[in-house]
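S.K.: After the structure tokens below, expect a handful of questions from me.
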Amino acid sequence: MVFKSIREYGKVRVSTNRSGLIGPVLVLKAYGLAYLSKDVLEGGNYSSARVEVDEELKVIRVRLGEGLECGLSSKGGATFSFPKYLYSVVMGISGGERRIRLEMSEDGWWRGCW
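Just so we're aligned, residue 4 is where the sequence shown starts under our numbering, counting upward by one.
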């Protein structure tokens, strides 16, 4: 497995969103945003996240913590920019929105497949 940080593909910005998603989910939007549901944040007061993808295995993983590359706000979830190249890798030519169900792995990363 070869995971790469999404920062290697482009700039990452942060904003907040109060969407009412159920369960641990990562949502990719056509206009270049990704949204982590509040269930991923698990009520914790995390200030940042690291998001990595493995293009070959079609896996994305998210680790929450302090001092990582994507700043977060825990008010109802967190939104950050997602590089257009990676969006096209995940979505193909279909466009639109994709919800990726995330599961906590033993190594402390949230993982999901597309």
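The beta carbon of each residue, even a glycine, is placed where N, CA and C say it ideally should be.
Owing to the predicted nature of the structure, the values given are computational and were not obtained by experimental measurement.
1) Can you name, in chain order, every residue of its own chain whose Cβ lies under 8 Å from the Cβ of residue 11, other than the five neighbours on each side?
2) Quick check on residue 38: does DSSP put it in helix, strand or coil?
3) Could you check the C-alpha separation between residue 53 and residue 65 for me, to the nearest Å?
4) Check whether the segment 80-89 and the segment 27-40 are in contact - that is, three or more C-beta pairs closer than 8 Å.
5) Please specify which runs of the beta strand (DSSP E), each continuous and at least 3 residues long, are wholly inside the segment 71-109, giving them in chain order.
6) Roughly how far, in whole angstroms, is the beta-carbon of residue 50 from the beta-carbon of residue 74, given that I think they are within contact range, below 8 Å?
7) What residues are listed by DSSP as bridge partners for residue 8?
8) Taking a contact to mean a Cβ-Cβ separation below 7 Å, would you say residue 89 touches residue 43 in this structure?
9) Using only CA atoms, which one of 110, 32, 61 lies nearest to residue 1?
M.R.: Inspection of the coordinates gives the following:
1) For residue 11, where only same-chain residues beyond five positions count, there are no Cβ hits under 8 Å.
2) In the structure shown, the three-state DSSP call for residue 38 is strand.
3) For residue 53 and residue 65, the distance between alpha carbons rounds to 6 Å.
4) In short, these stretches touch, since the Cβ pair count reaches three.
5) Segments of the beta strand (DSSP E) lying fully in the segment 71-109: 81-84, 101-104.
6) Contact flag correct, Cβ pair sits at about 7 Å.
7) 55.
8) Cβ atoms of residue 89 and residue 43: not closer than 7 Å.
9) A question about residue 1 goes unanswered here, because the residues of the chain that appear run from 4 up to 117.
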